[in-house]
Ligand code: NAP
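Residue numbers (our numbering): 8 to 321.
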């Protein structure tokens, strides 16, 4: 899936260094894609951990300080922060620099960042489809993007050269790259990532509300399926709040369809329509096989026992 990369950036500035930013730092260093890596993070603790881990050469409090002299700038904070950060770094971006991001939503992100991209600076929005439910710089690992997709959503301020350079960068980290319209990205991700997280948050919340009735049984018997939802529902609350606030239309559209289908299942159960249930469950089983065949999951039962429990969060 990966191929030899030809581009090497002089200085990469990561704005925010949590799970995704720190995984990029590790992978880019391991694959020798950049010469110098700096980051900015608002809290002292995050800067200290990033420096102690040895994944960055310098850590700044202000994003504006990190981007000085950088030829690759990657926004790796929750998507709701992008507009303010783009405004802050604008006067410090150097001609020829390439700005990108890793946000899980794309249309709002493009609208938030693009107005602050100066003449002579390239902007190509991006989204690596890889993640875990963990947060912070210590949670990252260099292999996170291996054999995963990275979606780029080029816009008005993207040049062909910028798209190619960024594609090369992600391929260098082991990903496959696909270009997509931002609006289409948001619809696809609404059903493949955002709704699954919403369902997980909801089911775990409902179970929590039931705790008075069932006491510790929810935890004790969680291996029955509930446990698999709890992993998604443990994902970062700030990141996911921002995803839902910034992908409102697509999520509501998909949620409408989801609710209709749920009502159909409810009806089938109520009327004892076993054929309808069987047909539906057979269809979904085939989807799981397709995901395994596409190399996006392994068939082994893992039961949460592996070291890096990877999901395809979004
Ligand atoms: P994370 O581990 O929680 O790290 C977030 C980083 O952003 C930290 O450095 C944090 O700084 C900083 N930050 C948080 N709030 C901020 C604010 N208001 N202003 C400035 N900086 C702030 O998150 P992550 O999982 O790496 O996610 C980062 C981005 O990647 C998000 O846009 C998300 O949509 C996208 N993404 C996530 C996944 C996933 O599965 N996690 C997958 C693909 C894409 P402090 O530590 O100093 O607070």
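Every residue gets a Cβ at the ideal spot worked out from N, C-alpha and C, and that includes glycine.
Relative to the ligand NAP, the nearest heavy atom lies less than 7 Å away from the CB of residue 53. Unbroken beta strand (DSSP E) runs of no fewer than 3 residues, entirely contained in the stretch 143–217, are found at 156–161, 183–186, following chain order. Separation of residue 90 and residue 154 (C-alpha to C-alpha, rounded to the nearest whole angstrom) is 31 Å. Scanning its chain for C-beta atoms nearer than 7 Å, with the 5 sequence neighbours on each side dropped, one finds around residue 58 the residues 66, in chain order. By the Cβ-count criterion, residue 21 is buried, with 16 or more other Cβ atoms from all chains shown falling within 10 Å of its own Cβ.
Look at the beta carbons and you see the stretch 90–103 not touching the stretch 235–245: under three pairs across the two are nearer than 8 Å.
Beyond the five residues adjoining it in sequence on each side, residue 26 comes within less than 7 Å, by CB distance, of 138, 139, 141, 142, 143, 146, 147 in the same chain, given in chain order. Relative to residue 165, the option among 130, 177, 203 whose CA is nearest is 130. Distance from the CA atom of residue 54 to the CA atom of residue 64, rounded to whole angstroms, is 11 Å. Residue 92 is a Cβ neighbour of residue 70, given a cutoff of 8 Å. DSSP places residue 223 in no beta strand (DSSP E); its state is neither H nor E. Secondary structure within the stretch 17–48: the alpha helix (DSSP H) runs of 4 or more consecutive residues, fully enclosed, are 26–37 (chain order). In the three-state scheme derived from DSSP, where H, G and I count as helix and E and B as strand, residue 100 is classed as coil. Distances taken from the Cβ of residue 157 to the heavy atoms of the ligand NAP include none shorter than 7 Å. Annotated as distal: residue 132 and residue 34, with beta-carbon spacing of 8 Å or more. Distance from the CA atom of residue 284 to the CA atom of residue 116, rounded to whole angstroms, is 40 Å.
A distance criterion of 7 Å places the beta-carbon of residue 175 beyond contact range of the ligand NAP, judged by its closest non-hydrogen atom. Shown here, residue 228 sits in coil according to DSSP, grouped into three states, outside any helix or strand. Only exposed fits residue 266, as fewer than 16 other CB atoms lie within 10 angstroms of its CB. Here DSSP, grouped into helix, strand and coil, assigns residue 75 to coil. Taking C-alpha positions only, residue 261 is separated from residue 201 by approximately 9 Å.
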